[in-house]
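Participant: First, the structure itself, so that you have it in front of you.
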Amino acid sequence: MEYPDTFQTIASASEEILLKEKGSKFFGYAFPIAHEDEVKPIIENLKKQHPHAVHFCYAYQLGTAPKISYRANDDGEPSNTAGAPIYGQIQSFGVTNVLLVVVRIFGGTKLGVGGLIAAYKTTAQLTLEVCEIIEKTIDVHFLITFDYKNMNKVMRVIKEKKLDIVSQEMEINEDSGLPFGKIELKTRKKNAEIVFAIFDLMFEIDIKTI
């Protein structure tokens, strides 16, 4: 099965969204993330912003099919009343690489299971609605290594295939004393096999996926 080489995510962190329900306050936040280890520092920062809040419920999704990871956290609310409806909105909006947090300050009146689900779902929905949703490509990175004499040959392919240069450097071969180049490239996943094959067939040029 062939998967798309694009995905949707949010352009930047959202503004704060506030929903009031029977005295309780629900604050919604959305953040673009690339790694799971970004989640904890964000939650800790929100705890400093809301020292009187009891529940910091969240959900996140990372990656694209077929390698998707996600988590939904109720943070002390009844099971599946917070994290699941928050994650449901991530799915509904079709975004990934996103962390969605809803902070609740209890107002003294219990909302019940149905009320909690509705409040967390609505806050999550309103939060994503204010976000700019953008499309990104899934890129494959290559490292090209070549003798300096082959620089023009390499650059010609880069130009013809409209490849993006991430970084480039020149070094001196300790054995020969001659210069050689290293270029990190990226291209859309759908073009990766063709690009790899072109460089792989070229004499005195080494390519590897990184």
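Under the UniProt record's numbering, think of the first position of the sequence shown as 1, with each following residue one higher. For each residue, glycine too, the CB sits at the ideal point set by N, CA and C.
At what residues does the beta strand (DSSP E) containing T123 begin and finish?
Facilitator: First-last for T123: 112–129, but that is the alpha helix (DSSP H), not the beta strand (DSSP E).
Participant: In this structure, how does DSSP classify V98 when only helix, strand and coil are distinguished?
Facilitator: strand
Participant: What did DSSP end up calling N173 once you bin it into helix, strand or coil?
Facilitator: coil
Participant: Mind checking which residues open and close the alpha helix (DSSP H) that includes N45?
Facilitator: 39–49
Participant: CB-CB under 6 angstroms to Y58, same chain, minus the five flanking residues each way: which ones, in chain order?
Facilitator: N73, V101
Participant: Do you know offhand how far N45's Cα is from F7's?
Facilitator: 28 angstroms
Participant: Reducing DSSP to helix, strand and coil, say where I210 ends up.
Facilitator: coil
Participant: If you run the structure through DSSP and keep just helix, strand and coil, what is F191?
Facilitator: Note that residue 191 is Asn in the sequence shown, not Phe. Note: N191 maps to helix in three-state DSSP.
Participant: Do Q89 and T65 come within 9 angstroms of each other at the CB atom, strictly closer than that value?
Facilitator: The residue you asked about is not Thr; residue 65 is Ala in the sequence shown. In this structure, Q89 does not lie closer than 9 angstroms to A65 by Cβ.
Participant: State the beta-bridge partners of H55 as determined by DSSP.
Facilitator: R104
Participant: Might you give, ordered along the chain, the residues of its own chain that have their beta carbon closer than 6 angstroms to the beta carbon of K208, omitting 5 neighbours on each side?
Facilitator: L143
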